[in-house]
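This report concerns only the one structure given below.
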RNA sequence: GCGCCCGUAGCUCAGUUGGAUAGAGCAGCGGACUUCUAAUCCUCAGGUCGCAGGUUCGAAUCCUGCCGGGCGCGCCA
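Here is the structure:
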C-alpha cells in the first residue's frame, strides 16, 4: 500500500461515515498524509480530523473516533491510534507496505512519474545568455536547474519545449563586434566594450578564417566581426551546455524577430489592446497594472523599438506556437521583468498566468574560504567551463540544483571535489554504486531473486524506513513539478541514500560464507533492486550520472 | 526612497497547502570493519527559527511594523 492508496482509502472511509450519517460534510479532495518523524507515531499520520473541525462542527477527537474503526477494518492497515489533538496514526501491515517493492520494480524507469501535467504544452525558457561571452556561473545555475525542471515537468506528462532566447540584436552586440575588431587590430578595447581573454581568441579565429578582415573599412569590418563573432560565440556556448548535458529544442534568435517584421506586427497588434498608450512621442506598455513601478517604453520616440518590443513579439510567437504555459527562468537582476512579461501577456488578451517567471538568486564561488572574484565585463570570468573543469559535470549540476533558487548560495569548490559523505553528490552516487556491486555479487554467486518475493519478510525498522522512502518518491516528484522546485528531488535523494546506507549496514542481504540463500535473501534482493531503481530514476531526473562502481 | 529574495545549530542549508518534542550534513566528543564497497553506520552534545506585536485550538510557516544582508529600480539591451 502506497501513500496514494492510503489517502484514497481514508477518503473512502470518510465517504462511508458520511453515508452512515455520522458526519455532515463533503468528502475532501485532499487528505493530508505524512510520514511522522517519530516511529512511535506509526508509519503514516493524518491530520484530517483536525482539518474537518470547522466544517463538521465536531471536535477533532470525535471525528477521529468515527474514522479510526473504519480505517482499522481496511485490509493492509494493521493498527490505527488516535493521538495528540486528534491525529490518526496508522500502522501498515508489513506485507502491505512491502508490496510497494514489487510495484517499483514493475514500473522500472517509469516509477515516480505522474500525470498532473498531461497534455500541457510548456515552453521552458532558460539560460538565454547573451552571445557576447561564455556562459557564466549564473547561467550555469539556470542550465542545471532549468534542465532538471524540464525533466521533472516531462515526468508529469508535460510536453516541454526547452528554449534558449539568443539576444543577437542591439547595442551589446555592437559593442561586442567593436571589441573584436579592436582586438584584431591590436587596439585597446573600446571603453564600453568587452575585454576578456576570449575576445582576443575569437578575434584571432575570425582573422585566421578571413586574413584581411581587420583591414576592411570600419563598417564592413564591424559587420563581419559581428556576424562571425556571434556565430562562433554561440557555437561555443552550445558546446559548453552540451557538455553540461543541457540541450535545447529551440534556439531562438532575437534578430529573426526584427528581420521578419514580427516585432512591427506584434506592436501593431498590441497598440489596439488598450494596454499600450502613446505619450511624449513614444508608445508605452501599461506594466504598472501588473505591479511595475513605472510604465515601460515599447517604441521609442525616435520610432525604434525598445528592447521589450522584442519580448512582446517573442511572447506572441510562443503563443502562436500553441504553448499553454510559458515559463521564464531569470536571474535576480531581472526580477523587474515579471510585471512586464505579465503585462505583455495581458496585452495580447491572454491570462497573465500563462506567463510564469522564476527568479534565481545569485551564485558565489568560494575556494579556501575566500570568495572567488567574478565579473564578465572585466574579463575575470568564472565561466561554466571553469566550473566544469574545477568540479566536474555531475558535481556542478548537483551543487547548482540542490539549493532552492530563492536563496543565493556560496559553492565551496573544495567541498564539491571531496570524495566523502560531506559531499552530497558522492553520498548519493555511492549509495547507487554500493547497491550495484552487491547485486553484481549476488549474480556472481548464482543467487537468483526469483520471480516473486515475500513482502512480509521485510520487517526490520531499516527495511520499513527504506520502503517508506521509496513510496514517497512519486509525491516528491509531483511536488517538485507543482512548485517548480527541482531541489526537492536532490534533498529527497540524500534522504533515500541515508536510508539505503542504514539498511545496508543493519541488514545483511547476501548469505554469509557458504550459507544457503533464504526467502529473506530474495526479499532483500528485491528491496535492493527497488532502491537502486529509485536512486537511478532520481539521479536521472537531475541529469546526474548513476555510476555502477566508484 | 520603492520593489523582489533571504535571515532556522559554530558553518552550509532543508522544512508546499499552518499541525505532535523544529531537521540533515559538516565541524566537536566517543564508538563500530577476519564476511555484500568504512566514499559507510551508531552515540552524545549543539536552537529566544533576526526582533516586536497580531490572527487561532495550534505559527519557522499567515498578517503588520522594525533590524540586518543580497539584487534591482534607463525612451540601455
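Residue numbers (my numbering): 2 to 551. All C-beta atoms in this analysis are idealised placements derived from N, C-alpha and C, irrespective of residue type, glycine included.
Is there contact between the stretch 458–465 and the stretch 495–507, where contact requires at least three CB pairs shorter than 8 Å? Segments in contact, yes.
Does DSSP classify residue 162 as helix, strand or coil? Locating residue 162 in the first chain gives position 161, where the first residue counts as 1. Strand at residue 162.
When the Cα of residue 307 is compared with those of 284, 426, 324, 409, which residue comes out closest? As a working note, residue 307 is residue 306 in the first chain. Answer by Cα proximity: 284.
Consult DSSP for residue 272 and reduce its assignment to one of helix, strand or coil. Taking the first chain and counting its residues from 1, the one referred to as residue 272 is at position 271. DSSP places residue 272 in helix when its eight states are reduced to three.
Mapping DSSP to helix, strand and coil, what is residue 372? Reading the first chain from its first residue, position 371 is the one you call residue 372. Note: residue 372 maps to strand in three-state DSSP.
Compare the C-alpha of residue 406 against each of 516, 337, 487 and name the closest. Indexing the first chain from 1 puts residue 406 at position 405. For residue 406, the nearest C-alpha among the options comes from 487.
Which value, in whole angstroms, describes the spacing of the CA atoms of residue 208 and residue 264? Position 207 of the first chain holds residue 208. Position 263 of the first chain holds residue 264. Roughly 34 Å between the two C-alpha positions.
In three-state DSSP terms, what is residue 1? In the structure as shown, the chain begins at 2 and stops at 551. Residue 1 is therefore absent and cannot be evaluated.
Skipping 5 residues on each side, what residues in its chain have a beta carbon closer than 6 Å to that of residue 185? Counting from one through the first chain, the residue named residue 185 turns up at place 184. Result list for residue 185: 204, 208, 215, in chain order.
Which class does residue 259 belong to by DSSP, given the choice of helix, strand or coil? As a first step, residue 259 is located in the first chain; it is residue number 258 there, counting from the start. Looking at residue 259 - three-state DSSP - the assignment turns out to be helix.
Limits of the unbroken alpha helix (DSSP H) element including residue 343: Taking the first chain and counting its residues from 1, the one referred to as residue 343 is at position 342. 338–348 is the extent of the alpha helix (DSSP H) around residue 343.
Would you call the stretch 106–116 and the stretch 134–151 in contact, with 3 or more CB pairs under 8 Å? No, the stretch 106–116 does not touch the stretch 134–151.
Nonlocal neighbours in the same chain, by C-beta distance under 7 Å from residue 93, ignoring five residues either side: Taking the first chain and counting its residues from 1, one reaches residue 93 at position 92. Same-chain partners within the cutoff: 2, 44, 77, 78, 79.
Which first and last residues belong to the alpha helix (DSSP H) in which residue 390 is found? Looking up residue 390 in the first chain gives position 389. Residue 390: member of the alpha helix (DSSP H) spanning 385–392, first to last residue.
How about residue 95 and residue 526: do their beta carbons lie closer than 8 Å? Along the first chain, read from residue 1 onward, the residue named residue 95 stands at position 94. Along the first chain, read from residue 1 onward, the residue named residue 526 stands at position 525. Cβ atoms of residue 95 and residue 526: not closer than 8 Å.
Sequence-distant residues of the same chain with beta carbon closer than 6 Å to residue 398, five excluded per side: As a working mapping, residue 398 is identified with position 397 in the first chain. Excluding residues within five positions, the ones whose Cβ falls inside 6 Å are 145, 544, 545.
What are the boundary residues of the alpha helix (DSSP H) that includes residue 503? The residue you call residue 503 lines up with position 502 of the first chain. Judged by DSSP secondary structure, residue 503 falls within the alpha helix (DSSP H) whose first and last residues are 488–507.
So for residue 91, helix, strand or coil by DSSP? Taking the first chain and counting its residues from 1, the one referred to as residue 91 is at position 90. Three-state result, residue 91: strand.
How would you label residue 342, buried or exposed, when you count the other beta carbons within 10 angstroms and need 16 or more for buried? Position 341 of the first chain, counted from the first residue, corresponds to residue 342. By the 10 Å Cβ count, residue 342 comes out buried.
Please list, in chain order, all residues of the same chain as residue 491 whose beta carbon is under 7 Å from its beta carbon, the five residues on each side excluded. For the purposes of this step, residue 491 is taken as the residue at position 490 of the first chain. 399, 402, 403, 543, listed in sequence order.
Endpoints, the alpha helix (DSSP H) within which residue 234 is located: The residue labelled residue 234 in the question sits at position 233 within the first chain. Where residue 234 is concerned, the enclosing alpha helix (DSSP H) stretches over 219–244.
Do the CB positions of residue 346 and residue 277 come within less than 8 Å of each other? As a working note, residue 346 is residue 345 in the first chain. As a working note, residue 277 is residue 276 in the first chain. Against a cut-off of 8 Å, the Cβ pair of residue 277 and residue 346 comes out as no contact.
Could you give the uninterrupted runs of the alpha helix (DSSP H) lying entirely in the stretch 425–490, keeping only those of 4 residues or more? Taking 4 residues as the shortest admissible run, the stretch 425–490 contains the following complete alpha helix (DSSP H) segments, listed from N- to C-terminal end: 425–445, 462–483.
What would DSSP say about residue 167, mapped onto helix, strand or coil? Working through the first chain from its first residue, we reach residue 167 at position 166. DSSP, read as helix, strand or coil, puts residue 167 in strand.
Measure the Cβ-Cβ separation of residue 539 and residue 471 and say whether it is below 8 Å. Numbered from its first residue, the first chain carries residue 539 at position 538. Numbered from its first residue, the first chain carries residue 471 at position 470. In this structure, residue 539 lies away from residue 471, with their beta-carbon atoms at least 8 Å apart.
If you check the beta carbons only, do residue 117 and residue 473 fall under 8 Å apart? By 1-based counting over the first chain, the position of residue 117 is 116. By 1-based counting over the first chain, the position of residue 473 is 472. No, they are not a contact pair.
Helix, strand or coil for residue 422 per DSSP? In the first chain, counting from the first residue as 1, residue 422 sits at position 421. Of the three classes helix, strand and coil, the one that applies to residue 422 here is coil, per DSSP.
Roughly how many angstroms separate the alpha carbons of residue 11 and residue 170, rounded to a whole number? The residue labelled residue 11 in the question sits at position 10 within the first chain. The residue labelled residue 170 in the question sits at position 169 within the first chain. Cα to Cα, the separation comes out at about 58 Å.
Endpoints, the alpha helix (DSSP H) within which residue 550 is located: As a position in the first chain, residue 550 is number 549, starting the count at 1. Where residue 550 is concerned, there is no enclosing alpha helix (DSSP H), given that its DSSP letter is neither H nor E.
Could you tell me which residues DSSP pairs with residue 326 in its beta bridges? Position 325 of the first chain holds residue 326. Secondary-structure assignment with DSSP links residue 326 through a beta bridge to 123.
Is DSSP giving residue 306 helix, strand or coil here? Indexing the first chain from 1 puts residue 306 at position 305. Here DSSP, grouped into helix, strand and coil, assigns residue 306 to strand.
Short of 6 Å in beta carbon distance, which residues of its chain neighbour residue 84, apart from the five on each side in sequence? Order them along the chain. Working through the first chain from its first residue, we reach residue 84 at position 83. Correct list, in chain order: 90.
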